[in-house]
Amino acid sequence: MKLAVWTYEGPPHVGAMRVATGLTDVHYVLHAPQGDTYADLLFTMIERRNARPPVTYTTFQARDLGGDTATLVKNAVADAYARFQPAAMLVGASCTAELIQDDPGGLAERVGLDIPIVPLELPSYQRKENWGASETFYQLVRHLAGARAPERGQPAPPRPDWRAENRRPRVNLLGPTALGFRHRDDVVEITRLLDRMGIDVAVTAPMGASAADIASLGEADANVVLYPETADAAARWLEKTFRQPRTSVVPIGVGATRDFVVELSEILGLDADAGLGTLDSRMPWWSASVDSTYLTGKRVFIFGDATHVVAAARVAKEEMGFEVVGIGTYQREFARDVRRVAKEMGLEALITDDHLEVEAAIEEVAPELVLGTQMERHIAKRLGVFCAVISAPVHVQDFPARYSPQMGPEGANVLFDTWIHPLVMGLEEHLLGLFQDDFEFGNDTPPSHLHSHSPRPRTEGSETEAVTPEPAAEDRAVGANTPQASPSTPTTAPAESPVAPDPAGAPLWLAEAEAELKRIPFFVRGKARRNTERFASERGVTEISVDVLYEAKAHFGNR
448 MKLAVWTYEG
458 PPHVGAMRVA
468 TGLTDVHYVL
478 HAPQGDTYAD
488 LLFTMIERRN
498 ARPPVTYTTF
508 QARDLGGDTA
518 TLVKNAVADA
528 YARFQPAAML
538 VGASCTAELI
548 QDDPGGLAER
558 VGLDIPIVPL
568 ELPSYQRKEN
578 WGASETFYQL
588 VRHLAGARAP
598 ERGQPAPPRP
608 DWRAENRRPR
618 VNLLGPTALG
628 FRHRDDVVEI
638 TRLLDRMGID
648 VAVTAPMGAS
658 AADIASLGEA
668 DANVVLYPET
678 ADAAARWLEK
688 TFRQPRTSVV
698 PIGVGATRDF
708 VVELSEILGL
718 DADAGLGTLD
728 SRMPWWSASV
738 DSTYLTGKRV
748 FIFGDATHVV
758 AAARVAKEEM
768 GFEVVGIGTY
778 QREFARDVRR
788 VAKEMGLEAL
798 ITDDHLEVEA
808 AIEEVAPELV
818 LGTQMERHIA
828 KRLGVFCAVI
838 SAPVHVQDFP
848 ARYSPQMGPE
858 GANVLFDTWI
868 HPLVMGLEEH
878 LLGLFQDDFE
888 FGNDTPPSHL
898 HSHSPRPRTE
908 GSETEAVTPE
918 PAAEDRAVGA
928 NTPQASPSTP
938 TTAPAESPVA
948 PDPAGAPLWL
958 AEAEAELKRI
968 PFFVRGKARR
978 NTERFASERG
988 VTEISVDVLY
998 EAKAHFGNR
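Numbering-wise (the numbering used here), the sequence shown opens with residue 448 and increments by one.
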């Protein structure tokens, strides 16, 4: 654990909160001091939930440390049961309370409640939020579904045959949690896709599930693992215990959605071609359309959780024609998956939870688009690069009121809009800036379809005289003793006069070269400036002219 201004993941008990908040009748008792009681803000302010998370805190204070903090735990458990009447209870400690070593799970079991108590051992100083969510869901599934598991040493019974039972196949959707990036809409999209394939959803868990639903997970025909970072461990246990097959493809993007349909069809014995026939996304045509072809080859840097990074890399390269120039994740538990994809693309994966390392990597490769978390959004804004958020951690604007999934056919459409439109609008903004001094397209020129309302051009001898704008107060103060230039006095610098000198002996930009640089789209202008200055410095050129700018462009090409 280290002190940081930003962090990609909270401590593991925050992951446990995400699981508990997604469930309907499970309560979480957290042994924590006053400073760790911030769950309400996470879920009500950021995710905009209309109900408080089901979390009760022991809320011990400094003066309690000299007394019996164990009694606080038992009282909190008893009070939470009496007030909320949960069907099951999670009990654990925050990172601060972990130091006291009170064993809250063991204390809760000694209260003697008639509901399942699931003790959580979440090492806050070795693990983080996503691992905490995974471990919490895994322990919950083992405790509740395990009651219906075969006796130790006994083989699992044969899987039910949905055809023999004259019903549609049923699957569980595993992984969505509270505070998850677009989890709410992903569940809706995949449920609709499965319904078109003739598949019913038995249970969605943790989000939206009850304790009884968790106990019945082993009855479904298969498990669809939507978010491996949360559900992989539980799905593996269900597979081992109940012989329940699971999916491995996350349906983000057109290609992955097709692979997902084929994989699930093979697991359930369905016609894969019929399932593929249910897919309908506009993204493939839009990616191949004339409006998008000029975006081919755009350089993109991808960082976030492993699930979304791996999916985004495939979509960016295969479906949108981008060049992936950087890829990484803050999830060390799934680093192998990201490294595999990076190797296939000829890259070295960046595995770190230090946002400063990520910022340095982005600055080094100078991408035209960043796909990342809210951290990368701030980094990209400082660097003047476009960014689309694809992964948690996210902020309030990434929980939109509209339907905006990342998965399935509609999710592919959302990806296209989210990634492509910033580049399209960036080009338009560049063109507006490029022609703002043109007589026909200037800021004072009304739209052409309103020509009849345009101000009439002044002719020689017109009674209307030009009005000289009054200088601002600060300008008057600074230039009070400065003679005003007459209309005939030139006000522009000579064509080849240098602009203000750059620091540390960097080459000087002549005015014409600086003006020419502004004609380059602003989203790659920084890269062009850096390449040109590097080109000039390596050759001992002290002043950058238009010729030097274009020589540097020819030298570096598309690099």
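Ideal Cβ positions, reconstructed from N, Cα and C, are used throughout, including at glycine.
Coil, strand or helix - residue i by DSSP
| i | result |
| --- | --- |
| His842 | coil |
| Gly773 | strand |
| Ala625 | coil |
| Trp453 | coil |
| Met792 | coil |
| Ile564 | strand |
| Arg977 | helix |
| Pro675 | helix |
| Arg610 | coil |
| Pro731 | helix |
| Ile991 | strand |
| Tyr997 | helix |
| Ile798 | strand |
| Val836 | strand |
| Val697 | coil |
| Arg615 | coil |
| Leu955 | strand |
| Ser909 | In this prediction, Ser909 has a pLDDT of 45, which is less than 50 and means its spatial position is unreliable; what the coordinates show is noted afterwards. Three-state result, Ser909: coil. |
| Pro723 | Looking at the sequence shown, residue 723 is not Pro but Leu. In the structure shown, Leu723 sits in a helix (DSSP, three-state: H, G or I). |
| Leu569 | coil |
Status (buried if at least 16 other CB within 10 Å, exposed otherwise) for residue i
| i | result |
| --- | --- |
| Ala555 | buried |
| Asp549 | buried |
| Gly559 | exposed |
| Leu996 | buried |
| Ser695 | exposed |
| Tyr572 | exposed |
| Glu456 | buried |
| Gly1004 | exposed |
| Ala486 | buried |
| Ile991 | buried |
| Gln994 | Going by the sequence as given, residue 994 is Asp instead of Gln. With fewer than 16 Cβ atoms within 10 Å of its Cβ, Asp994 is classed as exposed. |
| Glu921 | Residue placement at Glu921 cannot be trusted, given a pLDDT of 41 that sits under 50; what the coordinates show is reported in the next sentence. Glu921 should be labelled exposed. |
| Pro570 | exposed |
| Asn978 | buried |
| Leu640 | buried |
| Tyr850 | exposed |
| Asp633 | buried |
Enclosing alpha helix (DSSP H) for residue i [first to last residue]
| i | result |
| --- | --- |
| Met464 | Pro459 to Gly469 |
| Asp526 | Thr516 to Phe531 |
| Asp647 | Careful: Asp647 lies outside any alpha helix (DSSP H), inside the beta strand (DSSP E) at Asp647 to Ala652. |
| Gly579 | Glu576 to Leu591 |
| Val812 | His802 to Val812 |
| Thr484 | No alpha helix (DSSP H) contains Thr484, which DSSP labels as neither H nor E. |
| Pro551 | Pro551 to Glu556 |
Residue i: first and last residue of the uninterrupted beta strand (DSSP E) it sits in
| i | result |
| --- | --- |
| Val708 | Note, Val708: premise wrong, no beta strand (DSSP E); alpha helix (DSSP H) at Val701 to Leu715. |
| Asn670 | Ala669 to Val672 |
| Met536 | Ala535 to Ala540 |
| Phe748 | Arg746 to Gly751 |
| Tyr504 | Val502 to Tyr504 |
| Ile817 | Strictly speaking, residue 817 in this sequence is Val, with Ile absent from that position. Element bounds for Val817: Leu816 to Gly819. |
| Leu477 | Val473 to His478 |
Selection from the options that minimises the alpha carbon distance to residue i
| i | options | result |
| --- | --- | --- |
| Gly652 | Val861, Gly627 and Gly645 | A small correction: the amino acid at residue 652 is Ala; Gly does not occupy that position in the sequence shown. When only C-alpha atoms are compared, the closest one is Gly627. |
| Trp733 | Met767, Ala529 and Ala808 | Met767 |
| Val473 | Arg589, Tyr528 and Cys542 | Tyr528 |
| Thr484 | Pro458, Pro852, Glu795 and His825 | Pro458 |
| Glu815 | Gln601, Glu494, Ala763 and Gly622 | Ala763 |
| Gly655 | Leu726, Leu470 and Leu717 | Leu470 |
| Val635 | Pro605, Leu477, Ala859 and Pro852 | Pro852 |
| Met730 | Gly775, Lys687, Met854 and Ile991 | Met854 |
| Ile493 | Arg629, Arg639, Trp684 and Leu664 | Arg629 |
| Trp453 | Asp800, Glu857, Leu488 and Ala953 | Asp800 |
| Arg496 | Ala813, Arg631, Ala758 and Thr638 | Arg631 |
| Arg614 | Ala667, His825, Leu711 and Glu823 | Ala667 |
| Pro616 | Arg824, Arg643, Leu830 and Ala594 | Arg643 |
Short CB-CB distance (under 9 Å) between residue i and chain C
| i | result |
| --- | --- |
| Glu990 | This model lacks chain C altogether, as it is built from one protein chain only. |
Worksheet item: Should the region 573 to 589 be called in touch with the region 462 to 475, which here means at least 3 C-beta pairs below 8 Å?
Response: Verdict: yes, contact present.
Worksheet item: Does the count of Cβ pairs from the region 823 to 843 and the region 977 to 995 closer than 8 Å reach three?
Response: Output reads no: the region 977 to 995 does not touch the region 823 to 843.
Worksheet item: Between the region 495 to 510 and the region 561 to 577, are three or more C-beta pairs nearer than 8 Å?
Response: With fewer than three CB-CB distances shorter than 8 Å, the region 495 to 510 does not count as touching the region 561 to 577.
Worksheet item: Is the region 618 to 635 touching the region 674 to 684, taking contact as three or more C-beta pairs under 8 Å?
Response: With the rule of 3 Cβ pairs closer than 8 Å, the region 618 to 635 counts as touching the region 674 to 684.
Worksheet item: Are the region 701 to 711 and the region 719 to 728 touching, with three or more C-beta to C-beta distances below 8 Å?
Response: They touch, by the three-pair rule.
Worksheet item: Three or more C-beta pairs closer than 8 Å, one from the region 711 to 719 and one from the region 656 to 663: is that the case here?
Response: Here the region 711 to 719 does not lie against the region 656 to 663, with fewer than 3 beta-carbon pairs under 8 Å apart.
Worksheet item: Any contact of the region 749 to 763 with the region 777 to 793, i.e. 3+ C-beta pairs under 8 Å?
Response: Between the region 749 to 763 and the region 777 to 793, the count of C-beta pairs closer than 8 Å reaches three or more; the two stretches touch.
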